[in-house]
Structure formats: structure tokens, C-alpha cells
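So the sequence shown is residues 346 to 592, counted in the working numbering.
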Amino acid sequence: MARPPKERQFANLPELIKDAAWRQITQSGASSLSLRGIARDLGITAPAIYNYFPDRDALVTSLIADAYASFGDCQLAARDAFAGQGKELDRLRATGLAYRRWALDHPHRYLLIFGNPVPGYEPPMEELLPVMMRSLGALVGTIAELHALGRLETGRLPLPLIDTDHRFFSLLENADEGMLAVYAISIAVWCRVHGLVSLEITGQLPLFGEDGAALYRFELDAICRQFIRSPEDDTGVIPRTGTVREP
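So this is what it looks like as C-alpha cells:
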């Protein structure tokens with residue numbers, strides 16, 4: 346059987362390579378990722394891959410960057426569905442629910458970006474840091490809104506969480522004390538939801554109903570009660586439930 350014309354065969358080849366890589370990861374795990382296996386899957390030679398990805402690590406970095414971008418887009422879209430003043434708490438809850446939904450829809454992508462399952466791979470942080478920060482953008486933006494409205498309980502941080510010498514905060518060298526508190530609370534929130542989601546998608550979540558949805562919503566409510574002031578008073582207490590529900 347004659348091969349299709351070369352230009353058609355190679356049309357959008359970088360995306361075809363990445364699609365094949367995700368298939369490999371889904372079927373066999375990230376540790377088995379092989380450029381030669383991808384070449385066989387696509388019916389091309391290995392040097393054709395090297396034209397776009399000089400080695401396996403370059404391909405892994407591109408996969409991680411794409412996953413972070415999709416992850417961030419999902420949360421930003423959920424947040425932005427609740428526009429307008431007075432919807433700040435809805436935006437926070439929607440962001441949290443979108444976090445879990447994306448992870449459950451894309452478990453292999455989630456595990457790739459939040460672990461180190463590829464033997465010998467060292468992520469180039471300078472390249473990945475901007476897209477990592479953007480994936481937190483919906484959460485940080487909503488926390489910053491609440492801070493600007495005077496509704497953020499910054500005094501409820503259990504201890505100073507910011508290590509300003511850490512490479513993650515190199516982009517925040519000009520941030521004032523308020524924004525450092527915003528980032529500290531955002532990271533504390535992220536750690537809590539990330540822990541639950543990671544346990545759920547790896548099948549290690551203790552028994553809380555048929556899945557982790559109820560426990561996850563409970564934790565979102567607990568986060569809001571801890572860090573968000575009610576607009577009606579200064580007690581720092583908010584209702585146990587919000588208007589946003591899991592789709």
C-alpha cells in the first residue's frame with residue numbers, strides 16, 4: 346500500500362507525537378514512555394520525532410506544559426462563569442470543584458504534572474514555572490479579590506508559610522505583605538485540595554460514600570469557614586454551604 350504524500354503524513358506532526366505519547370502513558374505508565382515506540386505507533390522514523398523533540402525529556406516537558414495549560418484553563422473558565430460583585434465565594438468554590446473535575450477527567454495528566462514518574466527526568470523549572478503559576482491563577486485571583494474586599498482572614502494562618510528565598514517566589518520579590526499573605530493562603534488551600542484529589546485518583550481515599558465528592562465539598566466548606574469573612578459581619582463565619590455544586 347502506497348504511503349500518503351509526505352506533507353500530509355507529517356501534517357501537525359508535533360501534536361500527533363504528543364497524542365501518541367499520552368496513549369503510551371495511559372496504557373503503560375509514564376515510566377515506559379519511548380520515542381521509538383511512538384515512532385512505531387505513528388509509522389514514522391525516530392529521526393522525524395527528533396526534528397521537534399530532541400530527546401525524551403523535551404517531549405515530557407512539552408506534555409507537562411500542555412497539561413498545566415489545560416488544567417489552568419479549566420479552573421479559569423469555572424471561575425469566570427460567576428462574574429460580578431458579590432460572587433467571590435461562588436468563584437472560589439467553582440475553582441475548587443473544577444480542580445477536582447479536571448483531575449478525575451485527566452488522571453494521567455494530573456499524575457504526570459504532580460509527580461516524577463519518568464525515571465531520570467528533571468523538570469526545567471525556569472521553563473515550566475510560568476505555566477505552573479498560571480495554573481494557580483484562578484485560585485490566587487479569587488483569594489486576592491477577597492483580600493481586597495477585606496474578607497480574607499490572614500490572621501488565621503497557622504505559621505509563616507512564605508519562604509521568600511524559594512525559587513517559586515522569585516516572581517514575587519516586589520510583592521507587598523498583603524500579596525504574600527494571599528499567596529500563602531492560596532498555597533495552603535491548594536495543599537489541602539491537592540491531597541484529597543491525589544488520594545482519590547490513586548484509589549487511596551478512605552471510605553466516604555461512593556466517591557470523594559462529599560468529603561471534597563466538606564473540605565471546601567471548611568476552607569471557606571477558616572479563611573473567608575462573611576460580608577454580613579466580622580465574625581469570620583460563613584454559611585456551611587454555597588451556591589456552587591459539583592456538576
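Where a beta carbon is used, it is the ideal one built from N, C-alpha and C, also for glycine.
Here the structure is a predicted model, which is why all the values come from computation and not from measurement.
Next on the checklist: Rounded to the nearest angstrom, what separates residue 560 and residue 449 at their Cα positions?
Outcome noted: 15 Å
Checklist entry - Excluding the five sequence neighbours on either side, which residues of its own chain have a C-beta within less than 7 Å of the C-beta of residue 481, listed in chain order? => result 531 and 535
Next on the checklist: Counting C-beta neighbours from all protein chains within 10 Å, is the total for residue 670 16 or more, i.e. buried, or is it exposed?
Outcome noted: Summary: the structure shown does not reach residue 670, with the chain confined to residues 346 through 592, and so no result is reported for it.
Next on the checklist: Buried or exposed for residue 585, going by 16 or more other Cβ atoms inside 10 Å?
Outcome noted: The predicted position of residue 585 is uncertain, since its pLDDT is 39 and thus under 50; a value taken from the coordinates is nonetheless stated next. Exposed, by the Cβ-count rule.
Next on the checklist: For residue 485, report the span of its alpha helix (DSSP H) as first-last.
Outcome noted: 482-493
Checklist entry - residue 525 by DSSP, collapsed to three states: which one? => result helix
Item to check | Helix, strand or coil at residue 357 according to DSSP, with G and I counted as helix | outcome: coil
Checklist entry - Rounded to a whole number of angstroms, what is the C-alpha to C-alpha distance between residue 375 and residue 496? => result 42 Å
Checklist entry - Buried or exposed: which applies to residue 435, given that a residue is buried once 16 or more other Cβ atoms fall within 10 Å of its Cβ? => result buried
Next on the checklist: Under DSSP, the alpha helix (DSSP H) around residue 436 begins and ends at which residues?
Outcome noted: 433-450
Next on the checklist: Cutting at 6 Å between CB atoms, please list the residues of its own chain near residue 315, excluding the five before and the five after it.
Outcome noted: Past the edges of the chain, shown from 346 to 592, lies residue 315, and the structure says nothing about it.
Next on the checklist: Could you tell me the alpha carbon to alpha carbon distance between residue 446 and residue 499, rounded to whole angstroms?
Outcome noted: 28 Å
Next on the checklist: Let's see if you can read the secondary structure: which residues bound the alpha helix (DSSP H) around residue 376?
Outcome noted: Residue 376 -> no alpha helix (DSSP H), and no H or E assigned at all.
Checklist entry - According to DSSP, is residue 389 helix, strand or coil? => result coil
Next on the checklist: So, at 6 Å on beta carbons, what are the nonlocal neighbours of residue 488 in its own chain, with the 5 sequence-adjacent residues on each side left out?
Outcome noted: 527, 530 and 531
Next on the checklist: Using C-beta distances below 7 Å, list every residue in its chain close to residue 477, excluding the 5 sequence neighbours before and after it, in chain order.
Outcome noted: 413
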